[in-house]
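Residue numbers are given in numbering that gives the first Met the number 0: position 3 of the sequence shown equals residue 2, and the series is strictly consecutive. Note that the Cβ used here is the ideal one computed from N, Cα and C, for glycine as well. Have a look at the structure below before the remarks.
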Amino acid sequence: MRSGKRRRFIKSAGAATVTLLAGCGGNESSESSDGDGGDGDSGASTGEQSNDITTLTVRHFVNDHIETFYEKHNPILKKEHGISVDFETMGWGVARKKQNNSISTRTGPDVEEIASTWMPQQVNSDGWMDLEEAGVSMPTENIYDSPLQIGKFDGVRAGFPWFWGPRGHIYYKSLFEEAGIDGPPSTWDELANDASKYNTQAEKWEQEGYNTRYLFGIPGANNWAVVQYYMMLIWQNGGSVIAGSKPTFDSDAAVEALNFYKDLSTTHKASPQASVEWNGVARNNAFSSKRIASTWQGLRVANDIDAELGVGKPPAGPRGESSTFFGVNLMGIHPWTKKKSEAATFIEYLMQPEVNAELAKGSGFLPTIKSSFEQDAFQGELYQSFSEDVLNNTNAKTAPQVVGWGDVSGAIKGAVTKVLTKAATDSWSEGDTEKALQQAAMQAENALQG
Numbered sequence: 000m001r002s003g004k005r006r007r008f009i010k011s012a013g014a015a016t017v018t019l020l021a022g023c024g025g026n027e028s029s030e031s032s033d034g035d036g037g038d039g040d041s042g043a044s045t046g047e048q049s050n051d052i053t054t055l056t057v058r059h060f061v062n063d064h065i066e067t068f069y070e071k072h073n074p075i076l077k078k079e080h081g082i083s084v085d086f087e088t089m090g091w092g093v094a095r096k097k098q099n100n101s102i103s104t105r106t107g108p109d110v111e112e113i114a115s116t117w118m119p120q121q122v123n124s125d126g127w128m129d130l131e132e133a134g135v136s137m138p139t140e141n142i143y144d145s146p147l148q149i150g151k152f153d154g155v156r157a158g159f160p161w162f163w164g165p166r167g168h169i170y171y172k173s174l175f176e177e178a179g180i181d182g183p184p185s186t187w188d189e190l191a192n193d194a195s196k197y198n199t200q201a202e203k204w205e206q207e208g209y210n211t212r213y214l215f216g217i218p219g220a221n222n223w224a225v226v227q228y229y230m231m232l233i234w235q236n237g238g239s240v241i242a243g244s245k246p247t248f249d250s251d252a253a254v255e256a257l258n259f260y261k262d263l264s265t266t267h268k269a270s271p272q273a274s275v276e277w278n279g280v281a282r283n284n285a286f287s288s289k290r291i292a293s294t295w296q297g298l299r300v301a302n303d304i305d306a307e308l309g310v311g312k313p314p315a316g317p318r319g320e321s322s323t324f325f326g327v328n329l330m331g332i333h334p335w336t337k338k339k340s341e342a343a344t345f346i347e348y349l350m351q352p353e354v355n356a357e358l359a360k361g362s363g364f365l366p367t368i369k370s371s372f373e374q375d376a377f378q379g380e381l382y383q384s385f386s387e388d389v390l391n392n393t394n395a396k397t398a399p400q401v402v403g404w405g406d407v408s409g410a411i412k413g414a415v416t417k418v419l420t421k422a423a424t425d426s427w428s429e430g431d432t433e434k435a436l437q438q439a440a441m442q443a444e445n446a447l448q449g
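Printed below as a string of structure tokens:
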């Protein structure tokens, strides 16, 4: 992990100095720190003020936009609220250990970003202050319900969801039109039928010298998020992942979902057979090169594509309704802070529609504040369609918030990877899917009971 760098932004003589802490560069795969609290973990906040300016210490996950965000908003926070933010970033490879070390030693930043799946254990360890008790006024009617619900665990409103990444069915309008397909499918059956129609057009394109094209593609066994795509299919088919403390991802609906996942590239030929090995980058490359005409993804993938794209809600399975997965990051206040009032003011500042819109757009995600879509940054047709068709008309869920989710997710990934690989190598046989999921469910049950 590259060492953190401090940067000072000095205005004119006599002006207060704003200190920003730019954290680790690189990505998750390059992290090598042991996460022992390193840069920025300087102990509990003291509440010291200088020239009536209170400095809040804030820690974020790595985000390419975060330094630019504070360069603009730190002067506004100082002028309007008497707050200066001293921030650091941390890679995902070390983040959990850093946070848990802070919680166990009761030291570290005043405010910090929260991963929703880590929240249960951290709330149980008294790692987050209830925002309502801290004096944060939550505009609950103006926040999308799905991410708002994730911010509360076991009666504690631990975090404000400051941006989220729901997935829509994104597609190239021109490719769909040439193939005679009128928008994204509303059901799994329509997806399979559209694939057959698209393959007929793809043969004509090949005769014109184009590479083989496919209707659809999502990441496969080599993608760390393969569990998320499988959960989408389960929810679309009316199933669940965990009910109470019992795994349910081996139900009949779930088995049918995983079989449809494997059949996308085999029976239905909607996806390239190679997609079983895709990671997220391979899928994105296939989409940007038009090898696949559509995919389930957030709008971040659309930012670098110079073509007219459309978006609709993901399809429904035979037993359920349109459902999608969303990732969400939250902001919370640690209970050891001595700057509770200023921390609450800072969280409320992030809820302002124009601030929420700017932060989400710069990070490549979507705002959680509904009225942020009225801002200029989100007036494009693609964003408005995403808001109307996906955010307001789709069953949006994220990973279950349970202690032990990491082990549960690992068990699911092993089963899904096994089934997809067997299908791609023509070694899958009837009963393999049920067997793989049942074995994974037993592993998951042990993890949940532990």
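**Message:** Alpha carbons only, please: which of 227, 347, 369, 246 is nearest the one belonging to residue 356?
**Reply:** 369
**Asked** Apart from the five residues just before and just after residue 26, which ones in its own chain have a Cβ nearer than 6 angstroms to its Cβ?
**Response** Here residue 26 scores only 32 on pLDDT, less than 50, and its place in the model should not be relied on; the value that follows carries that caveat. Counting only Cβ-Cβ distances below 6 angstroms, and skipping sequence neighbours, we find nothing.
**Request:** Sort out for me which residues DSSP pairs residue 206 with in a bridge.
**Result:** In DSSP, residue 206 forms no bridge with anything.
**Prompt:** residue 89 to residue 61, Cα distance in whole Å?
**Reply:** 5 angstroms
**Prompt:** From residue 87 to residue 58, what distance separates their C-alpha atoms?
**Reply:** 5 angstroms
**Request:** Leaving out five residues on either side along the sequence, give the residues of the same chain with a beta carbon under 6 angstroms from the beta carbon of residue 29.
**Result:** Note that residue 29 scores 28 on pLDDT, short of 50, meaning its location in the model is unreliable; the coordinates nonetheless yield the value given after this. So the list is empty, once near-sequence residues are dropped.
**Message:** Measuring only the C-alpha atoms, how far is residue 267 from residue 431?
**Reply:** 19 angstroms
**Prompt:** Excluding five sequence neighbours on each side, which residues of the same chain lie with their C-beta closer than 7 angstroms to the C-beta of residue 41?
**Reply:** For residue 41, the predicted structure reports a pLDDT of 32, less than 50, and the residue's modelled location is therefore unreliable. A value from the coordinates is still provided. Excluding sequence neighbours, residue 41 sits near nothing in its chain.
**Message:** Helix, strand or coil for residue 432? Go by DSSP, reduced to three states.
**Reply:** helix
**Prompt:** On the three-state DSSP scale, how would you describe residue 311?
**Reply:** strand
**Asked** Just how far apart, CA to CA, sit residue 319 and residue 395?
**Response** 13 angstroms
**Asked** Near residue 226, which residues of its chain fall below 6 angstroms by C-beta distance, leaving aside the five closest residues on each side in sequence?
**Response** 408, 411, 412
**Asked** For the candidate residues 144, 118, 256, whose alpha-carbon lies nearest to that of residue 186?
**Response** 256
**Message:** Given this structure, state the Cα-to-Cα distance separating residue 388 from residue 163, to the nearest angstrom.
**Reply:** 16 angstroms
**Message:** Whole angstroms are fine: how far does the CA of residue 155 sit from the CA of residue 137?
**Reply:** 14 angstroms
**residue 158 to residue 221 span [Cα, whole Å]** = 31 angstroms
**Item:** From 233, 113, 72, 238, residue whose alpha carbon lies closest to that of residue 327
**Value:** 113
**Item:** Same chain only: Cβ atoms within 6 angstroms of residue 126, ignoring 5 sequence neighbours per side
**Value:** 102
**Message:** Can you find the residues in the same chain that come closer than 7 angstroms, C-beta to C-beta, to residue 64, ignoring five residues on each side of it along the sequence?
**Reply:** 361, 362
**Message:** Comparing C-alpha positions only, which one of 303, 446, 294, 414 sits nearest to residue 271?
**Reply:** 294
**Prompt:** Quick one, are the C-beta atoms of residue 277 and residue 269 less than 9 angstroms apart?
**Reply:** no
**Message:** Classify residue 317: buried if its beta carbon has 16 or more other beta carbons within 10 angstroms, exposed otherwise.
**Reply:** exposed
**Prompt:** Is it buried or exposed for residue 274, if we count other Cβ within 10 angstroms and need 16 for buried?
**Reply:** buried
**Message:** One question on the structure: do residue 73 and residue 84 come within less than 9 angstroms of each other, judged by their Cβ atoms?
**Reply:** yes
**Item:** Buried or exposed by the 16-neighbour rule on C-beta atoms within 10 Å, applied to residue 161
**Value:** buried
**Message:** For a quick check, are the C-beta atoms of residue 165 and residue 235 less than 9 angstroms apart?
**Reply:** no
**Request:** Check residue 401 in the structure and name its three-state DSSP category.
**Result:** coil
**Asked** Helix or strand or just coil, what does DSSP make of residue 160?
**Response** strand
**Request:** Determine the burial state of residue 48: buried for a count of at least 16 other Cβ atoms within 10 Å of its Cβ, exposed for fewer.
**Result:** The predicted position of residue 48 is uncertain, since its pLDDT is 43 and thus under 50; a value taken from the coordinates is nonetheless stated next. With fewer than 16 Cβ atoms within 10 Å of its Cβ, residue 48 is classed as exposed.
**Request:** Quick one: using the 10 Å Cβ neighbour count with 16 as the cut-off for buried, is residue 209 buried or exposed?
**Result:** exposed
**Asked** If we count Cβ pairs, one from each stretch, closer than 8 angstroms, do we get three or more for the segment 91-100 versus the segment 322-340?
**Response** no
**Request:** Just confirm the distance between the C-beta atoms of residue 218 and residue 290, as a whole number of angstroms; I'd bet it's less than 8 angstroms.
**Result:** In fact, because the Cβ distance is near 14 angstroms, the residues do not count as touching under 8 angstroms.
**Message:** Buried or exposed, going by whether 16 or more other CB atoms sit within 10 Å of the CB of residue 249?
**Reply:** buried
**Request:** Would you kindly report the start and end of the unbroken alpha helix (DSSP H) that includes residue 111?
**Result:** Run containing residue 111: none in the alpha helix (DSSP H); it sits in the beta strand (DSSP E), 110-114.
**Item:** Neighbourhood of residue 54 by C-beta distance below 7 angstroms, restricted to the same chain and skipping five residues each side
**Value:** 83, 85
**Prompt:** Alpha carbon to alpha carbon, what distance is there between residue 400 and residue 118?
**Reply:** 7 angstroms
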